[in-house]
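2 protein chains.
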Amino acid sequence: MENEESCSTHGLHTKSVENVRKKMLDNESTKELSMFFKVFGDATRIKIMYALYLNEMCVCDIAVALDLSQSAVSHQLRTLKTSRLVKYRRTGKVVYYSLDDEHVIKVLEQGISHIKHD
Amino acid sequence: MENEESCSTHGLHTKSVENVRKKMLDNESTKELSMFFKVFGDATRIKIMYALYLNEMCVCDIAVALDLSQSAVSHQLRTLKTSRLVKYRRTGKVVYYSLDDEHVIKVLEQGISHIKHD
DNA sequence: TGAACATATGATTATATGTTCATGTGTTCA
DNA sequence: TGAACACATGAACATATAATCATATGTTCA
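Residue numbers (the numbering used here), protein chains in the order written: chain Y, 1 to 118; chain L, 119 to 236.
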């Protein structure tokens with residue numbers, strides 16, 4: 001009787017295990033979600049995103065304001081663009097970047113609240 | 119006149135650059151924030167966190183429900199614990215994990231909304 | 001106390017990722 | 001048209017990180 005609930009076979013708590021198995025995210029969503037958050041997981045990208053949280057900015061402004069190389073900024077913006085964390089518009093030679101949507105802003109804000117222990 | 123605003127020296131848009139320089143996150147916060155998000159940036163940890171979003175669970179239940187090795191789960195829980203994304207309580211041999219705070223839950227929810235294009 | 005069990009951890013290895021350097025692309029304007 | 005400029009990208013290298021295997025720790029109960 002007890003052994004039907006042994007850890008190595010069905011887990012200790014059948015209810016929880018079944019519930020998770022039923023409601024779990026599919027692999028596709030899991031991957032997308034982790035990719036989405038992974039992009040937030042770098043100090044340089046956080047700086048860039050926070051700058052864009054303050055203002056829409058062009059590549060060169062970001063580089064100058066944050067004291068980063070143009071190349072590094074451009075590479076990171078590519079990552080941010082690919083994951084749809086930022087959007088951009090072009091005006092002549094200049095490309096202006098900004099945060100893509102409200103979710104990105106909210107995630108940033110929640111993160112800040114978390115580290116502030118609010 | 120124009121050259122005072124050359125890209126390589128002061129950036130194209132002085133206002134934005136100054137604004138960012140004034141309001142930018144300090145290095146400490148930037149690092150903490152990126153560390154916090156980095157933890158979300160792995161498919162295994164997302165699965166674990168989503169499972170904990172559904173139920174409080176012990177290590178073995180997580181491993182069984184998600185078909186992961188006990189070792190892998192334990193290693194990841196350590197990471198999650200260190201960054202204060204999950205909390206735990208012990209009852210005898212069994213350690214129950216759950217998401218640490220409301221911010222963690224909100225971040226997860228915002229991420230899901232983002233990938234669903236809500 | 002010692003066997004059984006749930007969980008934690010150290011070492012290793014394979015892979016992923018960020019930066020730099022060099023160069024390419026696309027736009028403006030004289 | 002071609003020089004100047006803003007931005008993008010490819011290759012290479014150094015570092016970080018996740019999974020596995022083996023083993024350790026801590027708790028329960030007979």
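Positions of the beta carbon are idealized from the N, C-alpha and C atoms, including for glycine.
No experiment lies behind these values; they were computed from the predicted model shown.
Euclidean distance between Cα positions of residue i and residue j
{"i": "L/Ile223", "j": "L/Gly210", "result": "28 Å"}
{"i": "Y/Asp100", "j": "Y/Val64", "result": "22 Å"}
{"i": "Y/His75", "j": "L/Tyr168", "result": "31 Å"}
{"i": "L/Val135", "j": "Y/Thr44", "result": "16 Å"}
{"i": "Y/Ser6", "j": "Y/Leu12", "result": "6 Å"}
{"i": "L/Tyr214", "j": "L/Leu170", "result": "10 Å"}
{"i": "Y/Lys47", "j": "Y/Lys15", "result": "43 Å"}
{"i": "Y/Asn19", "j": "L/Leu172", "result": "8 Å"}
{"i": "Y/Leu80", "j": "L/Arg139", "result": "21 Å"}
{"i": "L/Asp236", "j": "L/Glu227", "result": "11 Å"}
{"i": "L/Leu203", "j": "Y/Val86", "result": "26 Å"}
Beta-bridge pairing of residue i - partner residues as DSSP gives them
{"i": "Y/Val95", "result": "Y/Arg90"}
{"i": "Y/Met57", "result": "Y/Tyr97"}
Outcome for residue i when other beta-carbon atoms lying within 10 angstroms are tallied against a minimum of 16
{"i": "L/Lys156", "result": "buried"}
{"i": "Y/Thr9", "result": "exposed"}
{"i": "Y/Glu102", "result": "exposed"}
{"i": "L/Ser187", "result": "exposed"}
{"i": "L/Ser152", "result": "buried"}
{"i": "L/Ser189", "result": "exposed"}
{"i": "Y/Glu2", "result": "With a pLDDT of only 34 at Y/Glu2, under 50, the local geometry of the prediction cannot be trusted, and the value read off the model is given with reservation. Answer is exposed; the Cβ neighbour count stays below 16."}
Nearest to residue i (by Cα), restricted to the options the options
{"i": "L/His232", "options": "Y/Asp118, Y/Lys116 and Y/Val107", "result": "Y/Val107"}
{"i": "L/Phe154", "options": "Y/His117, Y/Lys116, Y/Asp118 and Y/Gly111", "result": "Y/Gly111"}
{"i": "Y/Val73", "options": "Y/Ile62, Y/Arg21, Y/Gly41 and Y/Glu18", "result": "Y/Ile62"}
{"i": "L/Val177", "options": "L/Arg208, L/Ser152 and L/Leu151", "result": "L/Arg208"}
{"i": "L/Ser147", "options": "Y/Asp42, Y/Met24, Y/Thr30 and Y/Lys31", "result": "Y/Asp42"}
{"i": "Y/Lys23", "options": "L/Met142, L/Arg202, L/Leu184 and L/Lys141", "result": "L/Leu184"}
{"i": "Y/Lys31", "options": "Y/Leu77, Y/Val94 and Y/Ser83", "result": "Y/Ser83"}
{"i": "L/Met175", "options": "L/Glu227, L/Phe158, L/Arg196 and L/Val212", "result": "L/Val212"}
{"i": "L/Glu158", "options": "L/Tyr206, L/Lys234 and L/Leu195", "result": "Correcting the residue identity first, residue 158 of chain L is Phe in this sequence and not Glu. It is L/Leu195 whose Cα lies nearest to the Cα of L/Phe158."}
N-terminal and C-terminal residue of the alpha helix (DSSP H) that residue i is part of
{"i": "Y/Arg84", "result": "No alpha helix (DSSP H) holds Y/Arg84; DSSP gives it neither H nor E."}
{"i": "Y/Lys116", "result": "Run containing Y/Lys116: none; DSSP gives neither H nor E here."}
{"i": "L/Ser126", "result": "Cys125 to His128"}
{"i": "L/Ser152", "result": "Asn145 to Phe158"}
{"i": "L/Ser134", "result": "Thr132 to Lys141"}
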